[in-house]
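Chemist:
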Amino acid sequence: SGRAGAMSIASGVASVPVGVPRATTRRDGPRNAFAKPRFPRRPRLDAPSASAETSQSAPSSASSATASDARDDLPVRVYIEHTDAYQVVYHSNYFKFLWRAREAYVFGGGLASALRDRTGAPFDPTAAGWDHLDVVAIDDCVFARSAVLGDDLLVRTSLRGIGETTLAMRQEVVFADGGELAFAATATAAPASATAATTIPREIRGWRASDGDGDDGGDGGDVGT
138 SGRAGAMSIA SGVASVPVGV PRATTRRDGP RNAFAKPRFP RRPRLDAPSA
188 SAETSQSAPS SASSATASDA RDDLPVRVYI EHTDAYQVVY HSNYFKFLWR
238 AREAYVFGGG LASALRDRTG APFDPTAAGW DHLDVVAIDD CVFARSAVLG
288 DDLLVRTSLR GIGETTLAMR QEVVFADGGE LAFAATATAA PASATAATTI
338 PREIRGWRAS DGDGDDGGDG GDVGT
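Pasting the structure below:
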């Protein structure tokens, strides 16, 4: 009897007409209500431009080429560790980009080039006992446009003023494929050695960018300290 029952079930299944919809448990809607949005991707640069190659090979050459505005450009590419789950750069990583650019500007020759062209005085931060920069303040932050994974950026650093113990710099993060602003801020930093704060040589103190000089934004910070 059991075998006969199995045969009857099999014959019943086989007798279902072709094309008749069957019940299913598959959901028609999205499985995840919080599905990741798809952001439009900007075209990725296959090869850096000539100006970017020059900046990568010799940071000081960018300063010499732009000595009229005391600016230095540091190329940065956005990698996965810079982004969140949506491949957008974390806000905090812009400040890391600025930190790298400040160190490259001061210790890579950009500051020395700017001072030589402005004051005629040669300057070597390492000989002055400088080892790194301690951030005192970051002001006038502007978040203009989000960078995403694969973007090529330039971090532009301009000297705004020099006080007794601090340097003021205006920094901008722009897209390398057009120069559109992504982020900007004014950073005030104090040079320091490995063990203690250091002083700024008297011959370069008091320098301040003129109103129409360099990039707009920022008044040079507290450069009188």
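In our numbering, the protein residues as written are 138 to 362. Just so you know, even glycine gets a beta-carbon here, dropped at the ideal spot from N, CA and C.
#1: Thinking residue 342 and residue 300 are a contact (beta carbons under 8 Å), I'd like their distance in whole angstroms, please.
#2: Suppose the cutoff is 6 Å on Cβ atoms and the five residues either side in sequence are ignored; what does the same chain contact list for residue 211 look like?
#3: What is the DSSP secondary structure of residue 178, counted as helix, strand or coil?
#4: Would you mind sorting residue 307 into buried or exposed? The rule is 16 or more other CB atoms within 10 Å of its CB.
#5: What span of residues does the alpha helix (DSSP H) with residue 243 cover, start to end?
#6: Is DSSP giving residue 266 helix, strand or coil here?
#7: Look up residue 342 in the DSSP assignment and say whether it is helix, strand or coil.
#8: Helix, strand or coil, according to DSSP, for residue 286 in the structure here?
#9: Mind checking which residues open and close the beta strand (DSSP E) that includes residue 319?
#10: Tell me, to the nearest whole angstrom, how far the beta carbon of residue 247 is from that of residue 209; I am working on the premise that it is less than 8 Å.
#11: Enumerate in chain order the residues of its own chain whose CB-to-CB distance from residue 225 is below 7 Å, with the five nearest sequence positions on each side excluded.
#12: Flag this pair as yes or no: are the beta carbons of residue 296 and residue 311 separated by less than 8 Å?
#13: Taking DSSP as the reference, what is the three-state secondary structure of residue 256?
#14: Any idea if residue 279 is buried or exposed, counting beta-carbon neighbours within 10 angstroms, 16 or more meaning buried?
#15: What is the DSSP secondary structure of residue 222, reduced to helix, strand or coil?
#16: May I ask you to report which of helix, strand or coil DSSP gives residue 217?
#17: Determine whether the beta carbon atoms of residue 265 and residue 338 lie at a separation below 8 Å.
#18: If we ignore side chains and look at the alpha-carbon of each, how far apart do residue 333 and residue 227 end up?
#19: With distance defined between alpha-carbon atoms, name the residue in 236, 303, 222 and 221 nearest to residue 213.
#20: Helix, strand or coil for residue 281 per DSSP?
#21: Taking the continuous beta strand (DSSP E) assigned at residue 309, which residues delimit it?
Modeler: Taking the structure as given:
#1: 7 Å
#2: 238, 241 and 292
#3: With a pLDDT of only 48 at residue 178, under 50, the local geometry of the prediction cannot be trusted, and the value read off the model is given with reservation. DSSP places residue 178 in coil when its eight states are reduced to three.
#4: buried
#5: 228-244
#6: coil
#7: coil
#8: coil
#9: 318-329
#10: 3 Å
#11: 283 and 285
#12: no
#13: helix
#14: exposed
#15: coil
#16: helix
#17: yes
#18: 32 Å
#19: 236
#20: coil
#21: 304-312
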